[in-house]
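Residue numbering for the sequence shown follows our numbering, beginning at 130 and increasing consecutively.
Glycine included, C-beta positions come from ideal geometry on N, C-alpha and C.
In what follows, a single structure is set out as structure tokens and then discussed.
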Amino acid sequence: MKPYTRKQFLEITTAAGISFYLSACGLNSDKKKVAKIVPDSATPEKKVPAHTHQAHIDLVDKNDPRYDELRKGFNKRIDKHPKVIALCTTTAEVAAAVQYAHEKGLAIAVKSGGHSMEGFSCNDDGMVINLSKMNAVEMLDDHKIKVGPGCTISSLYDTILPQGRLLPAGSCATVAVGGLTLGGGYGICARRFGLTCDHLVEATMVDGNGNIHNTKDDTELMWALKGGGTGNFGIVTEMIFTTHPAPPTLQAHYFKSRKLRPERAAAILQTWMELAPQLPDSCFSGYVLNGSTLNILITNYEPDNEQLPTLLKKLAAVVDEFRSSHTGTLQRMLRNYYGVGKQLYFRNSSAGFFKSYADVAPFIKDIFEQVIATPGMIYQVNTLGGKINDAAFEKQSSYPHRAYDFVSELQAYASARAHDDRQAVATTSILKITEQHGITRQYVNYCSLEFSNWEHAYYGDNYARLQAIKRKYDPNDNIRHPQSVKA
Ligand SMILES: Cc1cc2nc3c(=O)[nH]c(=O)nc-3n(C[C@H](O)[C@H](O)[C@H](O)COP(=O)(O)OP(=O)(O)OC[C@H]3O[C@@H](n4cnc5c(N)ncnc54)[C@H](O)[C@@H]3O)c2cc1C
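Quick look at the structure:
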């Protein structure tokens, strides 16, 4: 077992951020290998897609020097080798790539930013449609923005915040808008404005047969893409979002306690979970137990907040250290949560949605015991609630967890593939404990192969409705990964 040293570990994880963050994968290369794809419509027994497109697509195979960089995601634990990678730049190219895969009998995986925790954006012996070059952000009328799925969070913020506009999104600089939005998408502005997917007003999608659709004519597809669209029934190639006026500034408040035993960590969690729902919607908060060290972060972008000082004082009373940052511009302060710039071996997973401390009280000390005893493990709980729990948003989207005020995440880091055995055992054990205590809802964007009933965990009662969408747009399961919606 060779976990990171504490110093390395602290460099990897943010002090008390929403999550840990990794670098851009530097997928782009100037060298191009261009293949012309002509659909083989002459073969009679083959099912020919309704729309056929002839397009030049950049096909990268194992002999191409770019192959390794392009196939890898952010999690070094995942090591898959597709037969071919289609590096697409337009919707037409994506459609042509799907047809090519169809004709060659290749399963399709879809990759925007490559942050899938289980590597669902890559496959073995199939085709990966890589959208990293479809990354433009365009300002439209009515404060709408058109965003390519491969656009990273940092690129999004760097483009729209200087123009005074905000799309509530996550924090990690190199997560892409594609995967983030299609699974939900929450971050430090979500309690006031809602999830990233709640801002999606139009999307273009290539289905499993290579046909191009737009959600303008299809409200059911739009519903499905808001929370249920990650690699399930089509490749989203273009998204239009509404935006809000960007809050000008942000301030952060940091709380810390060291050398915690499970009992004290649980007592502080209880206080935090009782106070957090009272925070104004302009606040985000995260409870991060990193081994035996606890960091709590509260961010706020509304300076004239009356109730906040009282809540900060109450929380400060139960921890060892408390400090507030200066107030900085939103764009500058968000960079504090962008994370470090390298790929890592990690084993992260959703660890359940909760409504209150009562949900976790029966088992939380057992979990903390394992987190404290296992080098490299983090247990994190983040605030939800506010506008996320909006009735209209609920109706318009397949994201099914709006009633929960908290989402938890288990994180584990090792310095190499061979060194995470103990963490793997602890992860399995912790997720089992939560499930045994009736915690069965999980966030699809923190996917894990550990969830046996992932259909219910990710989608709740919406799974059957998503299956109908799958039957309509990808009945032959051409687009798939180990936990994709099945027709
Ligand atoms: C370091 C880190 C930090 C994170 N921080 C946050 C956070 O703050 N908030 C939050 O909500 N989540 C966060 N997440 C989770 C993140 O939202 C998901 O991992 C998300 O799915 C990543 O999207 P991606 O495009 O980068 O990844 P990818 O691996 O490319 O895609 C993820 C999944 O979406 C599918 N997909 C991607 N693009 C498309 C497309 N265009 N059409 C159809 N399917 C597609 C893929 O097939 C795959 O199943 C974080 C994850 C990591 C690893």
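Within 10 angstroms of the Cβ of residue i, are there 16 or more other Cβ atoms? Answer buried if so, exposed if not.
i, result
"Glu222", "buried"
"Glu450", "exposed"
"Gly567", "exposed"
"His530", "buried"
"Pro504", "buried"
"Glu349", "exposed"
"Arg609", "buried"
"Asn264", "buried"
"Thr439", "exposed"
"Arg321", "buried"
"Val543", "First, the residue type needs correcting, since residue 543 is Ala and not Val in the sequence shown. So Ala543 ends up on the buried side."
"Lys561", "exposed"
"Lys524", "exposed"
"Gln612", "buried"
"Gly293", "exposed"
For residue i, which three-state DSSP category applies?
i, result
"Thr456", "coil"
"Met263", "coil"
"Ala446", "coil"
"Gly515", "helix"
"Lys233", "helix"
"Gly293", "coil"
"Thr303", "coil"
"Glu435", "coil"
"Asp254", "coil"
"Thr385", "The sequence given here has Lys at residue 385, not Thr. In this structure, Lys385 counts as strand in the three-state DSSP scheme."
"His610", "coil"
"His585", "helix"
"Gln380", "strand"
"Asn419", "strand"
"Lys618", "An answer regarding residue 618 cannot be provided, because it is not within the stretch 130 to 616 covered by the chain."
"Lys240", "strand"
"Tyr196", "helix"
"Phe580", "coil"
"Thr569", "coil"
Taking residue i as the reference, give the member of the options with the closest Cα.
i, options, result
"Ile517", "Tyr315, Val227, Gln228 and His231", "Tyr315"
"Lys273", "Arg531, Phe370, His244 and Thr281", "Phe370"
"Ser537", "Ser414, Asp433 and Ile608", "Ser414"
"Pro278", "Gly356, Ser261 and Glu584", "Ser261"
"Gly457", "Lys443, Leu437, Ser478 and Thr428", "Thr428"
"Pro291", "Ser300, Val304, Thr281 and Met268", "Met268"
"Asp208", "Gly307, Glu198, Tyr430 and Trp401", "Glu198"
"His382", "Asn424, Thr400, Ser300 and Pro376", "Asn424"
"Gly234", "Pro391, Pro491 and Asp606", "Asp606"
"Leu463", "Trp401, Ala375, Asn511 and Tyr486", "Ala375"
"His373", "Asn361, Thr219, Asp327 and Gly356", "Asp327"
"Val365", "Asp336, Gly255, Lys388 and Leu398", "Asp336"
"Thr422", "Lys442, Thr303 and Arg393", "Arg393"
Have a look at the DSSP bridge pairing and note the partners of residue i.
i, result
"Ser414", "Ile427"
"Met246", "According to DSSP, Met246 bridges with nothing at all."
"Gly358", "BP columns for Gly358 are empty, so no partner."
"Gly481", "Ser537"
Between which two residues does the beta strand (DSSP E) holding residue i run?
i, result
"Lys273", "Lys273 to Val276"
"Thr366", "Gly363 to Thr371"
"Val489", "It is not in any beta strand (DSSP E) - Val489 instead sits in the alpha helix (DSSP H) that spans Tyr486 to Val489."
Using a Cβ-Cβ cut-off of 8 Å, state whether residue i counts as contacting chain B.
i, result
"Ile517", "This model lacks chain B altogether, as it is built from one protein chain only."
Taking the continuous alpha helix (DSSP H) assigned at residue i, which residues delimit it?
i, result
"Asp550", "Asp550 to Gln565"
"Asp336", "Segment Leu329 to Asp336 is the beta strand (DSSP E) holding Asp336; no alpha helix (DSSP H) there."
"Leu188", "Here Leu188 belongs to no alpha helix (DSSP H); instead the beta strand (DSSP E) covers Ala184 to Val189."
"Leu216", "Note, Leu216: premise wrong, no alpha helix (DSSP H); beta strand (DSSP E) at Val213 to Leu216."
"Ile496", "Ile493 to Ala502"
"Ile397", "Pro391 to Leu404"
"Ile598", "Tyr592 to Tyr602"
"Ala319", "Ala319 to Phe322"
Under 7 Å from any heavy atom of ligand 3, does the C-beta of residue i make it?
i, result
"Pro194", "For the structure depicted, ligand 3 is absent and the ligand set comprises only ligand 1."
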